[in-house]
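Below is one structure, written out as structure tokens; the observations come after it.
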Amino acid sequence: MADYLVIVESPAKAKTIERYLGKKYKVKASLGHVRDLPRSQTGVDVDNNYEPRYITIRGKGQVMQELKSAAKKAKKIYLAADPDREGEAIAWHLAHALNIDIQSDCRVVFNEITKDAIKESFKHPRPIDMDLVDAQQARRILDRLVGYNISPILWKKVKKGLSAGRVQSVALRLIIDRENEIKNFTPEEYWSIDGQFEKGKKAFEASFYGAGKEKVKLTNEEQVKEILGKMKGNDFNVTKVTKKERKRNPAPSFTTSSLQQEAARKLNFRARKTMMLAQQLYEGLNIGKEGTVGLITYMRTDSTRVSDTAKTDAKSYLEEAYGKEYIGNATHASKKSAKAQDAHEAIRPTSVMRHPDTLKNVLSRDLHRLYKLIWERFIASQMAPAVLDTVAVDLENNGVVFRANGSQVKFAGFMKLYVEGNDDQVEEKDRILPVMVEGDVVKKIDLDPKQHFTQPPPRYSEARLVKTLEELGIGRPSTYAPTLDTIQKRGYVALDAKRFVPTELGSIVHELVLEFFPDIINIEFTAQMEKDLDEVEEGQQKWVTIIDNFYKKFEKDLAIADKEMEKVEIKDEPAGEDCEKCGSPMVFKLGRYGKFMACSNFPDCRNTKAIVKPIGVECPTCHKGEVVERKSKTKRIFYGCNRYPECDFVSWDKPISRPCPKCQSLLVEKKLKKGIQIQCTSCDYKEDAQS
33 MADYLVIVES PAKAKTIERY LGKKYKVKAS LGHVRDLPRS QTGVDVDNNY EPRYITIRGK
93 GQVMQELKSA AKKAKKIYLA ADPDREGEAI AWHLAHALNI DIQSDCRVVF NEITKDAIKE
153 SFKHPRPIDM DLVDAQQARR ILDRLVGYNI SPILWKKVKK GLSAGRVQSV ALRLIIDREN
213 EIKNFTPEEY WSIDGQFEKG KKAFEASFYG AGKEKVKLTN EEQVKEILGK MKGNDFNVTK
273 VTKKERKRNP APSFTTSSLQ QEAARKLNFR ARKTMMLAQQ LYEGLNIGKE GTVGLITYMR
333 TDSTRVSDTA KTDAKSYLEE AYGKEYIGNA THASKKSAKA QDAHEAIRPT SVMRHPDTLK
393 NVLSRDLHRL YKLIWERFIA SQMAPAVLDT VAVDLENNGV VFRANGSQVK FAGFMKLYVE
453 GNDDQVEEKD RILPVMVEGD VVKKIDLDPK QHFTQPPPRY SEARLVKTLE ELGIGRPSTY
513 APTLDTIQKR GYVALDAKRF VPTELGSIVH ELVLEFFPDI INIEFTAQME KDLDEVEEGQ
573 QKWVTIIDNF YKKFEKDLAI ADKEMEKVEI KDEPAGEDCE KCGSPMVFKL GRYGKFMACS
633 NFPDCRNTKA IVKPIGVECP TCHKGEVVER KSKTKRIFYG CNRYPECDFV SWDKPISRPC
693 PKCQSLLVEK KLKKGIQIQC TSCDYKEDAQ S
């Protein structure tokens with residue numbers, strides 16, 4: 033019989049930890065929270081200091097019985113949930129359910145699931161931190177009061193299944209505000225003049241800069257013609273050469289937010305998928321000889337701090353793999369903010385010696401790609417800055433100045449391993465200019481004037497939206513993924529080319545919340561609320577006071593909304609075709625997986641159809657139908673015959689209209705890393721898509 037009982041959240045975590053602790057310890061999983069507010073009602077007594085009414089979560093009865101049974105047999109119980117607010121709250125609920133004194137040394141926390149970290153943490157148990165518990169309770173109660181009071185009004189006035197919340201409403205506002213910016217954007221004309229020049233036999237590029245020392249913005253064709261007419265001959269004098277050495281520092285190790293952003297940019301992962309995979313890497317995976325081991329530190333953090341031990345290990349690795357000159361001082365990799373808990377490090381590998389290449393055959397493709405990203409980001413953060421030589425050369429002809437910019441990596445530093453991505457996908461490349469000094473003469477080869485128009489700001493991608501929410505102080509690391517998930521499931525936004533576009537329903541809900549609950553959708557108000565809640569965590573404010581200050585005005589807003597909000601009728605959009613079963617017009621409906629077509633004669637006729645897009649290719653199987661583009665339930669594009677289910681042709685690759693010149697079989701467009709290649713589905717014929 034085990035002397036000690038350890039309770040964690042997940043079975044995977046329990047299995048890993050039990051192996052490290054030995055026979056005297058029994059590790060069991062609570063499977064997340066065991067108590068929560070009831071789903072069928074608000075569960076908050078607003079007349080009694082907002083006292084929450086917790087109940088055992090449905091389906092957790094057997095889990096609690098097993099935990100209570102194990103607790104009776106144990107000499108000591110340790111609560112080892114995750115090292116954050118949510119984990120502290122889980123430990124507190126377990127303590128109440130199992131009659132554990134919260135002032136006793138029952139709480140154990142660790143930032144990584146490795147043998148040394150686990151054993152060390154059990155040497156330093158502590159009481160449950162009620163400031164952390166109160167901070168979690170405050171957020172839970174506040175979100176419940178908002179969601180469970182606004183949602184019924186939206187259900188009554190608009191349609192069932194709608195919701196509003198502190199973070200999701202602001203996220204929706206950002207998306208809608210950006211869409212309005214795009215709609216109201218007025219393009220402005222501007223021009224550029226790019227030139228090809230030659231020094232000796234070496235060609236290089238330069239662009240129009242201005243006149244003398246003044247930079248000139250070209251706004252119309254007349255200006256361009258004036259500039260072109262002013263120049264005489266093909267000779268340009270080199271009037272100024274500016275050389276500089278520039279250092280570029282590596283990005284710090286990942287926080288939750290920056291991991292979600294970078295995984296979206298580099299791996300094309302949605303925020304939810306990134307967090308799901310990171311959870312597995314943290315809790316532990318079987319990697320062969322070592323058995324089950326946690327591969328990364330805790331993945332919910334807003335700190336960029338890294339332990340001294342991890343830094344030392346990284347330096348040892350870098351010296352052996354790259355040489356001493358590649359070791360940096362990593363002074364930038366400090367805590368991100370004062371509120372970032374010191375117990376939380378940045379997200380990093382638990383051992384730098386577990387090189388991604390050694391795990392390729394034991395991890396799934398996606399797990400390996402995410403681990404590799406985390407490993408490379410951490411190692412790069414400990415590397416020396418890159419050193420770039422930059423040069424700017426001014427070329428002058430009769431008062432007209434062109435400028436050539438060149439740069440060259442003098443020392444790669446961290447860039448040898450990893451370079452942080454960005455939303456605009458601009459890569460730093462060597463642009464080497466011929467050697468030039470003041471007084472030199474270069475030859476103009478050609479000039480290319482071009483008209484341009486300013487572009488509106490881009491729609492939000494997941495990465496850009498997460499970054500904006502973080503910069504505004506809206507939400508916290510654990511909230512971004514579920515928030516983005518919620519606004520899509522509710523049908524408030526859709527993804528178009530991986531960018532968020534508000535739906536008609538989203539715009540209607542936004543306008544109603546904006547009119548009747550302005551505080552909920554106010555960015556400054558919501559950010560201040562987050563700061564107040566953080567102060568609860570730091571023991572500087574009482575959670576009841578914060579909730580009360582909010583609820584007094586909110587309660588009045590609710591009464592006004594319930595009385596004055598007009599009922600909104602959302603009309604179905606005609607689909608432009610008739611139902612083949614009853615002849616009534618088909619309309620577009622919004623369902624769980626996006627738009628679909630349904631008969632307007634519902635419920636008498638329940639005919640529905642997926643929205644399909646013809647691609648102009650005859651079905652290669654039945655030769656009667658045509659191939660159309662469809663979307664799976666996971667929103668992945670595939671291609672099938674429009675006569676389905678009579679014809680079962682399906683392809684993940686896009687078919688093209690001409691047959692294979694070698695065997696007359698179907699040709700498809702295959703997406704490869706280097707671009708698109710056309711391949712035959714029957715023989716080995718291949719061709720470049722651009723040829």
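If you read the sequence shown in this note's numbering, its first letter stands for residue 33, the second for the next number, and so on. Here a beta-carbon is modelled for each residue, glycine too, at the ideal position from N, C-alpha and C. In this text, all values refer to a predicted model and were calculated from it rather than measured experimentally.
If we count the other Cβ atoms within 10 Å of its Cβ and call it buried at 16 or more, is residue i buried or exposed?
i	result
Phe-301	buried
Trp-575	buried
Ala-296	buried
Ser-101	exposed
Ser-366	The predicted model places Ser-366 with a pLDDT of 47, which falls under 50 and marks its position as unreliable, so this point remains unresolved.
Asp-334	buried
For residue i, which three-state DSSP category applies?
i	result
Lys-371	Note on Lys-371: pLDDT 42, under 50, position unreliable in the model; the coordinate value appears next. Here Lys-371 sits in coil by DSSP.
Thr-88	strand
Phe-446	helix
Pro-691	coil
Gln-97	helix
Glu-237	strand
Trp-187	helix
Pro-488	coil
Val-141	coil
Ser-723	Confidence at Ser-723 is low in this model, with a pLDDT of 42, below 50, so the placement of that residue should be treated as unreliable; the coordinate-derived value is given next. Correct three-state label for Ser-723: coil.
Met-162	helix
Glu-609	strand
Glu-452	coil
Phe-681	coil
Glu-277	strand
Gly-227	strand
Asn-437	strand
His-364	Residue placement at His-364 is flagged as unreliable, the pLDDT there being 49, under the threshold of 50; a coordinate-derived value is accordingly withheld.
Ala-291	As written in the sequence, residue 291 is Leu, which differs from the Ala given in the question. Here Leu-291 sits in helix by DSSP.
Thr-515	helix
Leu-704	strand
Gly-193	coil
Val-458	Since pLDDT at Val-458 reaches only 48, below the 50 mark, its modelled position is unreliable, and the value read off the structure follows with that caveat. Of the three classes helix, strand and coil, the one that applies to Val-458 here is coil, per DSSP.
Asn-639	coil
Val-568	helix
Tyr-358	helix
Quick check on the DSSP output: the alpha helix (DSSP H) that includes residue i runs from which residue to which?
i	result
Trp-124	117-129
Thr-341	340-353
Ile-156	The question names Ile, but residue 156 is His in the sequence shown. Careful: His-156 lies outside any alpha helix (DSSP H) and carries neither H nor E.
His-542	536-548
Ile-208	198-215
Ala-310	303-315
Leu-590	575-596
Gly-323	Element bounds for Gly-323: n/a, residue is neither H nor E.
Tyr-388	Correcting the residue identity first, residue 388 is Pro in this sequence and not Tyr. It spans 388-391 - the alpha helix (DSSP H) in which Pro-388 sits, taken as one unbroken run.
In chain order, what residues of the same chain have a beta carbon less than 8 Å from the beta carbon of residue i, not counting five sequence neighbours either side?
i	result
Lys-151	Tyr-52 and Leu-53
Lys-613	Cys-631, Cys-637 and Asn-639
Determine the closest residue to residue i out of the options, with distance taken between C-alpha atoms.
i	options	result
Ala-61	Thr-48, Arg-71 and Pro-70	Thr-48
Asn-361	Ala-412, Tyr-314 and Ile-540	Ala-412
Glu-144	His-387, Tyr-314, Pro-652 and Glu-246	Tyr-314
Leu-497	Ile-208, Ser-396 and Leu-111	Ile-208
Val-178	Gly-707, Phe-410 and Glu-587	Glu-587
Asp-528	His-542, Ile-552 and Tyr-492	Tyr-492
Gln-560	Leu-537, Glu-543 and Phe-582	Phe-582
Val-600	Ile-540, Val-423 and Lys-245	Ile-540
Along the chain, where does the beta strand (DSSP E) containing residue i start, and where does it finish?
i	result
Thr-422	418-429
Val-525	525-528
Tyr-110	108-111
Tyr-57	57-61
Ile-602	It is not in any beta strand (DSSP E) - Ile-602 carries neither H nor E in the DSSP assignment.
Got a sec? Which residues, its chain only, sit under 7 Å from residue i by beta carbon, not counting five neighbours each side?
i	result
Arg-67	Tyr-86, Ile-87, Thr-88, Ile-89, His-125 and Ala-129
Val-17	Summary: the structure shown does not reach residue 17, with the chain confined to residues 33 through 723, and so no result is reported for it.
Lys-264	Asn-429 and Asn-430
Asn-81	Val-576
Glu-494	Ala-296, Arg-302, Ala-303 and Leu-516
Given residue i, which residues of its chain have a CB within under 6 Å of its CB, disregarding the five upstream and five downstream residues?
i	result
Glu-719	Ile-710
Gln-457	Interpretation of Gln-457 is limited by its pLDDT of 48, a score under 50 that renders its predicted location unreliable; the figure taken from the coordinates is listed afterwards. If we look at Gln-457 and ignore the five residues flanking it on each side, it has no Cβ neighbours.
Step through the CB atoms of chain D and report whether any lies within less than 8 Å of the CB of residue i.
i	result
Asp-226	Absent from the structure is chain D; it holds one protein chain and no more.
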